[in-house]
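Novice: Protein chains in written order, with UniProt numbering: chain A, 1 to 280; chain B, 1 to 270. Cβ atoms here follow ideal geometry from the backbone N, Cα and C, with glycine treated the same way. No experiment lies behind these values; they were computed from the predicted model shown.
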């Protein structure tokens, strides 16, 4: 044995490392996309042999993709706005949950539980039918189009879920930090804003992104209340193409693919952040 | 805490403001606004459907465009579904509905129908061109596909004696007919005409028989919107006089229905 590698002969015990646990089957977004594309292609080529005069499903999708993708962009817009609205409200609600003022904590607990446990679709219906299509304020008419109402409808459950995320994150920080802050004569508000919340951000990020992926996928619910988003347009495109049954799978498959390609990277990223920020 | 109070207040305000919505009413309100909001279908070819640019086109959007032209205002088409169209009209979100809506007594109680009725659907049968059926009576004893639950299935069976084979929805009976399980498909004539625009069907299939069991469609406005009602009544009569609806049917590729042709005949010389 040579003595040239002193590192191997150190007498100290090297730190024990856990072998990183990985989910055994992991598809990269790219290969998933290729897979889905192949499936659609296969479906359309199988079809192409039977009827030469009509557009093949792939051609139909290509022809309508600008409209469908515009619809998809609308879904994303709704999800982003709902997330923004829900996060701002949810942060407030989450802090209220942690309040030392008992009645406030109780009320916000009630609100959180209510919106967390109500079906999203029911909340959506509620907002759609209770909120008018326009409001007249100081003699100016502010129109409230359907998609704005739907955004508010989605923001409500987001708010409750974000509130829980905030509460959980703040609670997960060792209580010694509160004591340390108090001994340094920070007020409760200062402790929260200057010490607790900054530490919470990275803990909140993964679950917050999880909520977002859920919202993005749920925006198709808006098709039920008549918002012209991707799923509504898909149904209308299917009708405009004469309702051919063999177009059903490719058209809805396209919608599926768009949502998958959008949400899967978010989930991958969330998983990565979760691993990195894992609280030990 | 301040955040919470603020969010609660805004939320409550949003919920409570539903009383403040005002139904748009009257021709004057439309002119003042500068747009006419019309509820149309976006999934019923060729009466209202999307083109690849996303615009809603078809027979009913054409009618709506003509009304807007007469009013000298811009047209705004709002896609509606059977489940929300009356709600939209009552809310005032749309001024009128031209959305393949059948005339029913319970609808007359909640919205104002425009007389004369602008269009009528029938019950008809899509037949293979080789079937050799010349009259409804020829269907006696023959298997005919239908959609289960359609109100006219029983009437058709009783009057003409075909053997009804019912399926869910409209795709399954069409498929069954293609497979040769039945000689034709009894359904709404407007729907079958929409099928005949498609290359898939127009080569081998046809509507050789006269439509039966007419079911008129209505244009609707909100109750007590008399000025718009009056204007639409005059417009409809004018359409019938000039043959506007018959022309629209031809333009969008369907054979003019008996109803629109006879109404045109009736009003032509008035």
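Sorted by chain position, which residues of the same chain lie with C-beta nearer than 8 Å to residue 174 of chain A's C-beta, five sequence neighbours on each side aside?
Specialist: Excluding residues within five positions, none has a Cβ falling inside 8 Å.
Novice: Return the residue from the list B:110, B:149, B:63, B:38 that minimises the CA-CA distance to residue 238 of chain B.
Specialist: Cα-wise, what sits closest to residue 238 of chain B is B:63.
Novice: What residues of chain B sit near residue 70 of chain A, judged by a beta carbon separation below 8 Å?
Specialist: Near residue 70 of chain A (Cβ distances below 8 Å), the residues of chain B are 54.
Novice: Tell me whether residue 79 of chain B sits in a helix, a strand or coil according to DSSP, three-state version.
Specialist: Note: residue 79 of chain B maps to strand in three-state DSSP.
Novice: Am I right that residue 200 of chain B and residue 242 of chain A are in contact with their C-beta atoms under 8 Å? What's the rounded C-beta distance?
Specialist: Confirmed, about 6 Å.
Novice: Shortest alpha-carbon distance to residue 148 of chain A belongs to which of A:136, A:85, A:261, A:117?
Specialist: Cα-wise, what sits closest to residue 148 of chain A is A:85.
Novice: From the beta carbon of residue 249 of chain B, is the nearest beta carbon of chain A less than 7 Å away?
Specialist: By this cut-off, residue 249 of chain B is not an interface position.
Novice: According to a CB-to-CB cut-off of less than 7 Å, which residues of the stretch 28 to 43 of chain B neighbour chain A?
Specialist: Those would be 42, 43, in chain order.
Novice: When burial is assigned at 16 or more other CB atoms within 10 Å of the CB, is residue 62 of chain A buried or exposed?
Specialist: Residue 62 of chain A should be labelled exposed.
Novice: Thinking C-beta only, is residue 165 of chain A closer than 7 Å to residue 196 of chain A?
Specialist: Not closer than 7 Å, so no.
Novice: Leaving aside the five residues before and after residue 245 of chain B along the sequence, list all residues of the same chain whose C-beta is less than 6 Å from its C-beta, in chain order.
Specialist: Correct list, in chain order: 239, 260.
Novice: Considering just the uninterrupted stretch of the alpha helix (DSSP H) at residue 168 of chain B, what are its terminal residues?
Specialist: It is not in any alpha helix (DSSP H) - residue 168 of chain B carries neither H nor E in the DSSP assignment.
Novice: Nearest CA to the CA of residue 204 of chain B: which residue from B:32, B:121, B:127?
Specialist: Considering only alpha carbons, the answer is B:127.
Novice: Label residue 124 of chain A either buried or exposed according to how many other C-beta atoms from any shown protein chain fall within 10 Å of its C-beta, with 16 as the threshold for buried.
Specialist: With 16 or more other Cβ atoms within 10 Å, it is buried.
Novice: Going straight from the alpha carbon of residue 75 of chain B to that of residue 81 of chain A, what length do you get?
Specialist: Between residue 75 of chain B and residue 81 of chain A, the C-alpha separation is close to 29 Å.
Novice: If distances are taken between C-alpha atoms only, which option among B:141, B:142, B:165, B:99 comes closest to residue 150 of chain B?
Specialist: Residue 150 of chain B has its Cα closest to that of B:165, out of B:141, B:142, B:165, B:99.
Novice: Can you list, in chain order, the residues of its chain with a C-beta nearer than 8 Å to that of residue 67 of chain A? Leave out the 5 residues immediately preceding and following it.
Specialist: Counting only Cβ-Cβ distances below 8 Å, and skipping sequence neighbours, we find 233, 237.
Novice: What is the residue span of the alpha helix (DSSP H) that residue 267 of chain B lies within?
Specialist: 258 to 267 is the extent of the alpha helix (DSSP H) around residue 267 of chain B.
Novice: What residue range is occupied by the uninterrupted beta strand (DSSP E) comprising residue 278 of chain A?
Specialist: Unbroken run through residue 278 of chain A: none, as it is neither H nor E.
Novice: Just to confirm my understanding: we take residue 73 of chain B, look at its own chain, exclude 5 residues before and 5 after, and list those with CB closer than 7 Å. What are they?
Specialist: Contacts found: 30, 31, 34, 35, 36.
Novice: State the CB to CB distance for the pair residue 155 of chain B and residue 213 of chain B, rounded to an integer number of angstroms; the pair is presumed to be in contact (CB under 8 Å).
Specialist: So it is a contact: roughly 6 Å between Cβ atoms.
Novice: What's the gap between the Cα of residue 103 of chain B and the Cα of residue 274 of chain A?
Specialist: Whole-angstrom Cα-Cα distance: 59 Å.
Novice: Looking at residue 87 of chain A and residue 162 of chain A, is the spacing between their C-beta atoms short of 7 Å?
Specialist: Taking 7 Å as the Cβ cut-off, residue 162 of chain A and residue 87 of chain A qualify as a contacting pair.
Novice: So, for residue 27 of chain B: in the same chain, excluding its five sequence neighbours on each side, which residues have a beta-carbon less than 8 Å away from its beta-carbon?
Specialist: So the qualifying residues of the chain are 71, 227, 228, 231.
Novice: Could you tell me which whole beta strand (DSSP E) segments of length 3 or greater appear in the stretch 40 to 118 of chain B?
Specialist: Entirely contained in the stretch 40 to 118 of chain B, the beta strand (DSSP E) runs reaching 3 residues are, in chain order, 48 to 50, 74 to 79, 111 to 113.
Novice: Who does residue 212 of chain B pair with in a DSSP beta bridge?
Specialist: DSSP output for residue 212 of chain B lists B:123 as bridge partner(s).
Novice: What separation, rounded to the nearest whole angstrom, lies between the Cα atoms of residue 1 of chain A and residue 30 of chain A?
Specialist: With a pLDDT of 45 at residue 1 of chain A, under the threshold of 50, the predicted position of this residue should be treated as unreliable, though the coordinate-derived value follows. Distance between the alpha carbons of residue 1 of chain A and residue 30 of chain A: 48 Å.
Novice: Can you tell me whether residue 112 of chain A is buried or exposed? The criterion is at least 16 other CB atoms within 10 Å of its CB, across all chains shown.
Specialist: The residue is buried, with at least 16 neighbouring Cβ atoms inside 10 Å.
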